[in-house]
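Trainee: The structure is given below, and queries will be raised subsequently.
Protein chains in written order, with the numbering used here: chain A, 12 to 104; chain B, 52 to 356.
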């Protein structure tokens, strides 16, 4: 199993000084995927950017898990609408 | 350099308690945080101001100095001297802005003048949480002319002193952002590098209007060719084509030239269509002879041929 692109859950918690419970809760809410190899939980490095954003929302802005879930959906809609807006602006231009 | 009213920024009055400040800061941060306002430069600026206000008002020493001198901050040197003995290095309590803070913005000149620049220099450059592992994403804007994006372009960009060779696929849209993986700030502790996000600003100085992959233009057709039919040499984006004009072509007639539009993004060899609208030119400065002949034509029409 290739682990170059993976980081253990333990290491994530150590580096970012967060509780494993928080990361596990993100997984429970379907906001973060784990890859389990020989009973060790890993996070794909591709997801670190999203994870950092969710950590900021939680620890800096005191937004709970349900809030992060809702925000993630809304942000996706915002991005889609921004793309649509660019395309419409270009048509008008 | 202007005085900045930090109380006004946090929407509180001067008697606000520490708890009031914290509450006001968190409320405004939730409103303007870059994570919640993607691609919104106004919100980002507002968030920086809020952060700066909080940096001053949530720190007892800084707040005291600010309250005492406020608008007369230039004379605050005396205060600085008096406080020198007792002052402790104030800890930075601002939020880490995250990915949107690629530009390296510092606090305002007013802040720097009053509290010095040392404390602010690391702000917004991805300190703290965001550089513990993954490097920061960097944002850049690239200005190109529409002609340049008609074909795939090889460009070399210099980002943070490093050259990045980049192929820009033909057909990229104005306002589109592409991600160059791993070319952002370096990661630490074995973490991945950040990404470089390039947003394209494409200027169109051509006579063609672009809508996605399709192009639109007009062609001025002389009256005689429109009435009698013939041929016309029409400009396409990268050349000319000869078109057959049908007799009795009406003003505003639109023709579609399949595959003569703009390249389809990342679909090599595929092109959109070019739509040409004919504008029929009515002749002017007519000679006596021409007027006579037009009158004759008009008369023919009135007499029912």
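Backbone N, C-alpha and C define an ideal beta-carbon position, used for all residues, glycine too.
(1) Alpha carbon to alpha carbon, how far is residue 225(B) from residue 82(A)? Give it in angstroms, no decimals.
(2) Short of 8 Å Cβ to Cβ, which residues in the region 79 to 102 of chain B face chain A?
(3) DSSP three-state label for residue 138(B), please.
(4) Quick one: grab the DSSP three-state call for residue 320(B).
(5) Can you list, in chain order, the stretches of the beta strand (DSSP E) that have 3 or more residues and sit fully within the region 75 to 103 of chain B?
(6) Could you tell me which residues DSSP pairs with residue 281(B) in its beta bridges?
(7) Contact defined as beta carbons within less than 8 Å: I believe residue 94(B) pairs with residue 83(B). What is the distance between those atoms, to the nearest angstrom?
(8) What's the call for residue 240(B), buried or exposed, on a 16-neighbour Cβ count within 10 Å?
(9) Between which two residues does the alpha helix (DSSP H) containing residue 93(A) stretch?
(10) Name the chain B residues that come within less than 9 Å of residue 73(A), Cβ to Cβ?
(11) Which residues in the same chain as residue 32(A) place their Cβ atom closer than 7 Å to its Cβ, once the five residues preceding and following it in sequence are excluded?
(12) What does residue 220(B) touch in chain A if you count any residue whose Cβ is under 7 Å from its own?
(13) Where does residue 69(A) fall in DSSP's three states?
(14) Does the region 269 to 278 of chain B come within contact of the region 324 to 335 of chain B, defined as at least 3 CB pairs closer than 8 Å?
(15) So which of 286(B), 158(B), 335(B), 250(B) has the shortest CA-CA distance to residue 275(B)?
(16) In chain order, what residues of the same chain lie with their CB nearer than 7 Å to the CB of residue 42(A), ignoring the 5 residues before and after it?
(17) Starting from the C-beta of residue 303(B), find all residues in its chain whose C-beta is less than 8 Å away, skip the five residues before and the five after it, and write them out in chain order.
(18) In chain A, which residues lie less than 7 Å from residue 314(B) when you measure between Cβ atoms?
(19) Please go through the same chain and pick out, in chain order, the residues whose beta-carbon is closer than 6 Å to the beta-carbon of residue 90(A), but skip the five residues on each side of it.
(20) List the endpoints of the continuous alpha helix (DSSP H) containing residue 111(B).
(21) So, are the CB atoms of residue 164(B) and residue 103(B) less than 8 Å apart?
(22) Is the separation between the beta-carbon of residue 19(A) and that of residue 46(A) shorter than 8 Å?
(23) Name the chain B residues that come within less than 8 Å of residue 93(A), Cβ to Cβ?
(24) Do residue 230(B) and residue 166(B) count as a contact pair if the criterion is CB distance below 8 Å?
(25) Is the closest heavy atom of the ligand ADP to the C-beta of residue 83(B) under 7 Å?
(26) List the residues of chain B whose Cβ lies closer than 9 Å to the Cβ of residue 86(A), in chain order.
(27) As a quick exercise: from 93(A), 87(A), 54(A), 100(A), pick the residue whose alpha carbon is nearest that of residue 35(A).
(28) For residue 97(A), go through chain B and note every residue whose CB falls closer than 8 Å to its CB, in chain order.
(29) When the cut-off is 8 Å and only beta carbons count, does residue 90(A) lie next to chain B?
(30) Against chain B, with Cβ distances strictly below 8 Å, would residue 101(A) count as a contact?
(31) When you compare only the Cα positions, how much space is there between residue 207(B) and residue 218(B)?
(32) Can you tell me whether residue 44(A) is buried or exposed, with buried defined as 16 or more other CB within 10 angstroms of its CB?
(33) At what residues does the alpha helix (DSSP H) containing residue 38(A) begin and finish?
(34) Let me know the secondary structure DSSP gives residue 301(B) once reduced to three states.
(35) With respect to the alpha helix (DSSP H) encompassing residue 343(B), which residues constitute its N-terminal and C-terminal limits?
(36) Counting only Cβ pairs nearer than 7 Å, list the residues of chain D close to residue 243(B).
Mentor: Looking at the atomic coordinates:
(1) Rounded to whole angstroms, residue 82(A) to residue 225(B) spans 28 Å at the Cα level.
(2) From the region 79 to 102 of chain B, only 80, 81, 84, 86, 87, 89, 90 have a Cβ closer than 8 Å to chain A.
(3) Only weak support is given to the placement of residue 138(B): the predicted model assigns it a pLDDT of 44, under 50, and the value that follows is read from those uncertain coordinates. In this structure, residue 138(B) counts as coil in the three-state DSSP scheme.
(4) Residue 320(B) falls in the coil class under three-state DSSP.
(5) You should have found no qualifying run.
(6) DSSP output for residue 281(B) lists 296(B) as bridge partner(s).
(7) Confirmed, about 5 Å.
(8) A residue is called buried once 16 or more other Cβ atoms fall within 10 Å of its Cβ, and residue 240(B), having fewer, is exposed.
(9) Where residue 93(A) is concerned, the enclosing alpha helix (DSSP H) stretches over 76 to 103.
(10) Using a Cβ-Cβ cut-off of 9 Å, residue 73(A) is close to 77, 81 of chain B, given in chain order.
(11) None.
(12) Ordered by position in chain A, no residue passes the 7 Å Cβ test against residue 220(B), which lies about 17 Å from the chain.
(13) Under the three-state reduction of DSSP output, residue 69(A) falls in the helix class.
(14) With a cut-off of 8 Å on Cβ pairs, the region 269 to 278 of chain B is in contact with the region 324 to 335 of chain B, counting three or more such pairs.
(15) The closest CA to that of residue 275(B), considering only 286(B), 158(B), 335(B), 250(B), is found on 335(B).
(16) Apart from the 5 residues on each side of it in sequence, residue 42(A) sits with its Cβ closer than 7 Å to the Cβ of 65, 79, 80, 83 in its chain, given in chain order.
(17) Same-chain partners within the cutoff: 328, 329, 330.
(18) Simply none; closest approach about 15 Å.
(19) Around residue 90(A): no qualifying Cβ.
(20) Taken as a continuous stretch (DSSP letters only), the alpha helix (DSSP H) holding residue 111(B) covers 111 to 120.
(21) Not closer than 8 Å, so no.
(22) No, Cβ-Cβ distance for residue 19(A) and residue 46(A) is not below 8 Å.
(23) In chain order: 89, 90.
(24) Annotated as distal: residue 166(B) and residue 230(B), with beta-carbon spacing of 8 Å or more.
(25) The ligand ADP is not among the ligands present in this structure, which contains no ligands whatsoever.
(26) By Cβ distance, chain B contributes 86, 87, 89.
(27) That would be 54(A), whose Cα lies nearest to the Cα of residue 35(A).
(28) Within 8 Å Cβ-Cβ: 224, 225, 226, 227.
(29) It does; some Cβ of chain B falls within 8 Å.
(30) So, interface residue.
(31) Looking at the two C-alpha atoms, the distance is approximately 9 Å.
(32) That one is exposed.
(33) Under the DSSP assignment, residue 38(A) falls in the alpha helix (DSSP H) whose first and last residues are 31 to 39.
(34) In the three-state scheme derived from DSSP, where H, G and I count as helix and E and B as strand, residue 301(B) is classed as coil.
(35) Looking at the DSSP string, the run of the alpha helix (DSSP H) that includes residue 343(B) is 339 to 353.
(36) Of the protein chains in this structure, namely A and B, none is chain D.
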